[in-house]
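2 protein chains.
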Amino acid sequence: MAEPASSVPFVAATPSRSSRTEAAILEATRELLSESGVRHLTVEKVAARSGVAKTTIYRRWRSKEDLALAVLIDFVQSIVAVPRGDGVRSELVALLRGAVNSLGTTVMGRVMQGLVSELATNEDLSRAFRERVVALRVGEVRKIVQRGIERGELRPDTDVDLLHELLFGPVYYRLFLSGGALDRKLPAKIVDAVLPGFSV
Amino acid sequence: MAEPASSVPFVAATPSRSSRTEAAILEATRELLSESGVRHLTVEKVAARSGVAKTTIYRRWRSKEDLALAVLIDFVQSIVAVPRGDGVRSELVALLRGAVNSLGTTVMGRVMQGLVSELATNEDLSRAFRERVVALRVGEVRKIVQRGIERGELRPDTDVDLLHELLFGPVYYRLFLSGGALDRKLPAKIVDAVLPGFSV
DNA sequence: CCAAAACGCTACGTACTGTTGCGTTCGGCC
DNA sequence: GGCCGAACGCAACAGTACGTAGCGTTTTGG
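Note that the protein sequences, when read in sequence, are chains A and B.
With my numbering, the residue at position 15 of the first sequence is 441, and numbering never jumps.
With my numbering, the residue at position 11 of the second sequence is 437, and numbering never jumps.
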């Protein structure tokens, strides 16, 4: 039953205490965030669920918002570049599908719901989110648009920022306000509705 | 100096104590919400600023979220129907401009920022917002679309809900996440980009 | 093996919540 | 003018969570 703590490094080395602690805190925070949002997230609950002392949490993060942002950043690592497809439409659909999927089928959706007020209000969190998430997505859209212009699919004066907002805005609007479902058909519906306005 | 409390009802009758109390609470809540968001809104601060006893506030609203929603609903009363214009474009721009203006130039924007997490998480608040705000706007879009179809401007199978999300989603996306400005040019930019996808 | 870092634990002072009981004031009505 | 109920103010309270401090214990890394 007991782990041998073998001195032979095999597949993975035993994680350090520090990283185990951090992982436990983030996991507990993820769970609590997805259960009841930031409003009811308390450091004491995180400490209780993760089995970590409260003081240890405060040694790493100043506030529960910092902690929640760490969870978010942890997620965003999974944002990957969109593979080159056979056209602007399919590439944009693929990009949007990545966001819709992670927001709709993982706890990231609930984390975002609980965190959005803090993201909108807190200047530090706002900047961090823009730099680490928004900028990445705008960059992806820019690449796709660039290729689309070269292929003659899109107008050369295409407003990348506007296109990006038109694509992702409705997704978050559903998540936050309208309550619409983030289903698999949504990405294609949005792209098909938006694209004519930018096509040659 | 003293108010005469004239028995002659002139322009407006002297408001009752009850309505004065309610107005003072809502005004203080508005101020505090716009200053630091729901996160830092406390009933005790509202009581202190409004000059009303804490117990009086709890007699009217169960929680600070209920209170914040009351402020929001108070605002939404100002949403007016869009006057018939000379085409789908101008009518949609007018509708969108109303939202952009109130979100960008009044405290409603900050109130929304502070409240959105609770709106997304709390089932009661979510439903109230959908029924009292989202439904109104969808209804307005529906009227405009209906007239547009009759005039032959829009396709008969126009998806009203999708169009509504494409119009308002980017606005809230700016307000909450991307941090873009809610300027006067935004409504027209959005409408011009979206409309081709629904035109005949 | 040993110093430094990281962690666990207890105990605080502070702030806010949501409620209770009771005295006071206001508003309408006879 | 006087009365009565509703609404409000006020003080006090238990409960929860925050964020910090001190100190002993475990882990890490050289």
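We put the CB at the ideal spot given by N, CA and C, even for glycine.
- Of the candidates B:Val-537, B:Ile-483, B:Ala-561, the residue whose Cα lies closest to the Cα of Ser-444 (chain B) is B:Ile-483.
- Distance from the CA of Asp-585 (chain B) to the CA of Gly-623 (chain B), rounded to the nearest whole angstrom, comes to 11 Å.
- Closer than 8 Å to the CB of Glu-579 (chain A) there is not a single CB belonging to chain B.
- Shown here for Val-497 (chain B): same chain residues with a beta carbon closer than 8 Å to its own, the five before and five after excluded, namely Leu-452, Thr-455, Arg-456, Leu-459, Val-537 in chain order.
- Residues of chain A with a Cβ closer than 8 Å to the Cβ of Gln-539 (chain B) are, in chain order, Ser-543, Ala-546, Thr-547.
- By the beta-carbon neighbour count (other beta carbons within 10 angstroms, threshold 16), Gly-535 (chain B) is buried.
- Taking C-beta atoms under 8 Å as the contact rule, Gly-530 (chain B) and Val-464 (chain B) fail to qualify, at a distance of about 19 Å.
- At the C-beta level, Val-519 (chain B) and Ala-450 (chain B) stay beyond 8 Å of one another.
- The C-beta of Lys-490 (chain A) has 16 or more other C-beta atoms within 10 Å across all chains shown, which makes the residue buried.
- Within the same chain, Ile-616 come within 7 Å of Pro-596 (chain B) by CB-CB distance, once the 5 residues on both sides are set aside.
- Nearest in C-alpha terms to Glu-557 (chain A), of all of B:Thr-468, B:Lys-569, B:Gly-605, is B:Gly-605.
- The DSSP-derived three-state label of Ser-625 (chain A) is strand.
- Under a criterion of Cβ atoms nearer than 7 Å, the residues of chain B adjacent to Ser-552 (chain A) are, in order, Gly-605.
- Considering only A:Gly-524, A:Arg-510, A:Val-626, the residue with the shortest C-alpha distance to Phe-501 (chain A) is A:Gly-524.
- When the alpha-carbon of Glu-566 (chain A) is set against those of A:Leu-551, A:Glu-549, A:Leu-589, the nearest one is in A:Leu-589.
- In this structure, DSSP gives Leu-580 (chain B) an extended state, which the three-state scheme calls strand.
- Going by beta carbons, Val-626 (chain A) and Glu-579 (chain A) fall inside the 8 Å limit.
- By the CB criterion at 8 Å, Val-542 (chain A) and Ser-528 (chain B) fall outside the cutoff.
- Neighbours of Lys-615 (chain A) in chain B, taken as residues whose beta carbon is under 8 Å from its own, are Asp-585, Leu-588 in chain order.
- In this structure, the CA atom of Glu-517 (chain B) is about 40 Å from the CA atom of Pro-509 (chain A).
- Counting the other Cβ atoms within 10 Å of the Cβ of Gly-574 (chain B) gives 16 or more, which makes it buried.
- In this structure, DSSP gives Asp-609 (chain B) a state outside helix and strand, which the three-state scheme calls coil.
- For Val-526 (chain B), the closest alpha carbon among the candidates B:Ser-442, B:Phe-594, B:Leu-603, B:Pro-441 is that of B:Phe-594.
- Chain order gives the chain B residues near Pro-622 (chain A) as Pro-622, Gly-623, where near means a beta carbon separation below 7 Å.
- Proximity to Val-533 (chain A) across B:Ala-561, B:Leu-495, B:Thr-547, B:Leu-522 peaks at B:Thr-547, based on C-alpha coordinates.
- Only Gly-463, Val-464, Arg-465 from the segment 455-471 of chain B bring a Cβ to less than 7 Å from some Cβ of chain A.
- Inclusion of Ala-554 (chain A) and Leu-495 (chain A) in the CB contact set at 8 Å is warranted, their separation being smaller than that value.
- Scanning its chain for C-beta atoms nearer than 8 Å, with the 5 sequence neighbours on each side dropped, one finds around Arg-475 (chain B) the residues Ala-454, Glu-457, Leu-458, in chain order.
- Minimum Cα-Cα distance from Ala-507 (chain A) among the listed residues A:Leu-562, A:Lys-480, A:Tyr-599 corresponds to A:Leu-562.
- Runs of the alpha helix (DSSP H) lying entirely within the segment 494-577 of chain B, each at least 4 residues long, are 514-531, 534-547, 549-555, 561-576 in chain order.
- Residues Ala-450 of the same chain have their beta carbon placed closer than 7 Å to that of Gly-477 (chain B), with the five preceding and five following residues left out of the count.
- Straight across, the Cα-Cα distance linking Val-469 (chain B) with Ala-479 (chain B) is about 10 Å.
- Remark: C-beta atoms of Leu-603 (chain B) and Tyr-599 (chain A) do not approach each other more closely than 8 Å.
- Within chain B, Gly-623 have C-beta atoms less than 8 Å from the C-beta of Asp-618 (chain A), given in sequence order.
- CA-CA distance, Val-571 (chain B) to Pro-582 (chain B), rounds to 9 Å.
- Residues of chain B with a Cβ closer than 7 Å to the Cβ of Pro-596 (chain A) are, in chain order, Glu-591, Leu-592, Gly-595.
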